[in-house]
Amino acid sequence: MSNYHIKSLEEYFKIYRKSIREPELFWEEVAEEHFAWRKRWNKVLEWDFSKPEIKWFEGAKLNITENCIDRHLLGKGEKTAILFEPNDPKEEAQHITYNSLHKRVNQFANVLKENGVKKGDRVCIYLPMIPELAISILACARIGAIHSVVFAGFSATALATRINDCDCKMVITSDGSYRGAKTIDLKGIVDEALKECEGVETVLVAKRINSSINMKEGRDKWLQPLLDKASTACEPEIMDAEDPLFILYTSGSTGKPKGMVHSTAGYMVYTAYTFKNVFQYRDGDIYWCTADIGWITGHSYIVYGPLANGATTVMFEGVPNYPDFSRFWEIVEKHKVTQFYTAPTAIRSLAKESLSYLEKHDLSSLKVLGSVGEPINEEAWHWYNDNVGKNQSPIVDTWWQTETGGIMISPIPYVTPTIPTFATMPMPGVQPALMNENGEELQGNLVEGRLCIKFPWPGIARTIWGNHQRYKETYFSAYDNKYFTGDGARRDAVGYYRITGRVDDVIIVSGHNLGTAPIEDAINEHPAVAESAIVGCPHDIKGNALYGFVTLKETGESRMQVNLRKEINQIITEHIGPIAKLDTIQFTPGLPKTRSGKIMRRILRKIACGDTSNLGDISTLQDPEVVQQIIEGRAALE
Ligand code: PRX
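Per the working numbering, the sequence shown starts with residue 157, numbered consecutively.
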């Protein structure tokens, strides 16, 4: 029995037990068997959640790109590593072999070096889903630079905040991007952002849409001519196990976005291990994750996890509804995709369209279907199972987070019996705990509480860039000696986990984490706004819709309210991006607050979602009358 590849339920239980009893031995064996190390570790694990400090494979030396590329060259050099499917189905797909990926990453790495990027420097990558995105990530890792990918749907302000937070000296972008029938002026957004970013010395620009853009002399350089001149050889920088590999920002319920820092060795071992098992990847499979690499799902399960296993990973530039709603299924058929990993939002939006989009394509290559990013509702689960999987492909409902680096709770297909909406059982090495309000761990089954993890796993983020104190407060202070996830969960009669959703002020909209505070801060910048509160309400497709309560400095401006709504959404788009626009805006004379001035979101959530039957005790509010006014205002909106 190999620890690395779980093939039966019996093996799962055996391996899981071992991973809990002897975690160090378990991970040591995994690391030893399946990766290339320049130097072995001195110690497998050192940890202290009270500091918090977590170190895996300390003393080991490696380069992750040697593991993701070089070691596959012998034997798999001509195998497709990245299969790029463009936005426009008329444009040909590109098969980038491991040999070719090796050359292209090395060339890119040399361009980075020639432009002054050194080990430890931060490089911001703001690119659409084109091969240069994966290649630039790997090029950074090749030379030990820390990449910080910013999702190319974020606004200039959001981009600038992220560039400045970790002092990036370079930005890699493109002239623009395709998104269905639209094009987006990415370079224009970068130019706008860089007005606020003094530390950026160089901008490398990939050509994608051939638009005419401004190139700032001395700062902006076209990428391709530099790549053409660069050598295809680049020795990898040898990194320490705990050296940061990348920073990826995630929204918190308060404050600015958190730059989660992931390490090199632990992250590599964890994403590779979970990829292999959760997707039961076998040589010859064509694996496709539809996420954007701008999110953690893309980092771990488009780039690092698949490549560390020598897999073929599909990278899709486009959207599910262009040219029409059959695009995903057409790609599955065309490339004979075996594992398909997407988000409930995408499933729900496709499920509302005619089945004919799906039925005209041969989906018989599929073996595993994945879901990630938010709870998958029962209806969507069945639609996915019946129509896409034809009841033959197990669905893996994978629960994890930007912070966890890789999948934490998930069925293993063909191993774990699945139940709709249940993420089922923890991955080896993962020790979940459910906590009650008094901070006690709930024992046994049939319990519901706040989800914590009580032992480190190799993929956990090690800190928040520049703010270790915030890391400690956010994740390790709610419960003693435990990592707190921010999610609630239930354990059923057989010990399966069902994630019930966020228990903090993070709202997941279309699979994107949005903190309420950053949106409120943006709205409050509007000169007419006094204050605001955002809540989430269930939405058929997006999972949650955003509902904003806004109080104005001067009342009686109703004739202006249509414009104000537009302006508020405009401000949100500028500060964060279109993903955070509000679905509903209700102007209200006041907000329900406790005597100490805390906004009672619980009440607002109920009113927004149309459930006013039981608002609880409102007598302790500063101004209980405001509740009735808000209820009436909500009714008037309909
Ligand atoms: O609330 C959980 C939800 O997404 C959050 C993490 O979001 P993010 O860091 O953006 O990472 C998303 C991709 C891993 C979690 O705290 N979430 C993620 N997967 C699931 C989920 N909720 C329920 N079921 C899931 N499978």
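Virtual Cβ for every residue (Gly too), placed ideally from N, Cα, C.
Model, not experiment: these values are computed from the prediction.
So, is Met583 buried or exposed, given that buried needs 16 or more other C-beta atoms within 10 angstroms? buried
Following the continuous beta strand (DSSP E) through Tyr405, name the residue where it begins and the one where it ends. Pro400 to Thr406
Could you tell me which of Lys737, Leu294, Val783 and Ile365 sits nearest to Met424, measuring between CA atoms? Leu294
According to DSSP, what are the bridge partners of Tyr460? Per DSSP, none; premise fails for Tyr460.
Apart from the five residues just before and just after Ile551, which ones in its own chain have a Cβ nearer than 7 Å to its Cβ? Leu525, Ser527, Trp537, Tyr540, Asn541, Gly545 and Thr574
By Cβ distance, which residues of its chain are closer than 7 Å to Thr560, with the 5 residues on each side in sequence left out? Gly615 and Ile616
If distances are taken between C-alpha atoms only, which option among Leu590, Pro242, Gly753 and Gly692 comes closest to Lys638? Leu590
Inspect the beta-carbon positions of Phe310 and Met471 and report whether they are closer than 7 Å. no
Spatial neighbours of Ala308 in its chain, beta-carbon cut-off 7 Å, leaving aside the 5 residues before and after: Tyr282, Leu283, Pro284, Ser333, Leu342 and Gly450
Between the beta-carbon of Asn725 and the beta-carbon of Lys709, is there less than 7 Å? no
Since His517 and Glu489 are thought to touch, with beta carbons under 8 Å apart, how far apart are those beta carbons, to the nearest angstrom? 4 Å
Output the distance between the C-alpha atoms of Arg721 and Pro576, rounded to the nearest integer angstrom. 39 Å
Quick check on Phe496: does DSSP put it in helix, strand or coil? strand
Hey, is Gln495 close to ligand 1, as in C-beta under 6 Å from one of its heavy atoms? no
Check whether the segment 496-512 and the segment 351-362 touch, using three or more Cβ-Cβ pairs below 8 Å as the test. no
Say whether the segment 375-390 touches the segment 261-275, bearing in mind that this needs 3 or more beta-carbon pairs closer than 8 Å, one atom from each stretch. yes
Report all residues from its chain with a CB closer than 7 Å to the CB of Lys432; omit the five preceding and five following residues, and keep chain order. Tyr160, His161 and Asn465
For Glu214, does the three-state DSSP call read helix, strand or coil? strand
Does Phe578 come out as helix, strand or coil in the three-state DSSP assignment? coil
DSSP three-state assignment for Glu185, whether helix, strand or coil: helix
Check Thr358 in the structure and name its three-state DSSP category. strand
Name the DSSP bridge partner or partners of Ala589? Cys608
Beta-carbon gap between Lys269 and Ile299 smaller than 7 Å: yes
Presumed contact (8 Å Cβ cut-off) between Gly233 and Asn255, rounded CB distance: 4 Å
How would you label Ser292, buried or exposed, when you count the other beta carbons within 10 angstroms and need 16 or more for buried? buried
Does the distance between the C-beta of Ala579 and the nearest non-hydrogen atom of ligand 1 fall short of 6 Å? yes
Can you name the start and end residues of the beta strand (DSSP E) that His455 belongs to? Careful: His455 lies outside any beta strand (DSSP E) and carries neither H nor E.
Distance cut-off 6 Å: Glu534 Cβ against heavy atoms of ligand 1: no
Using a threshold of 6 Å, is the CB atom of Val665 nearer than that to any non-hydrogen atom of ligand 1? no
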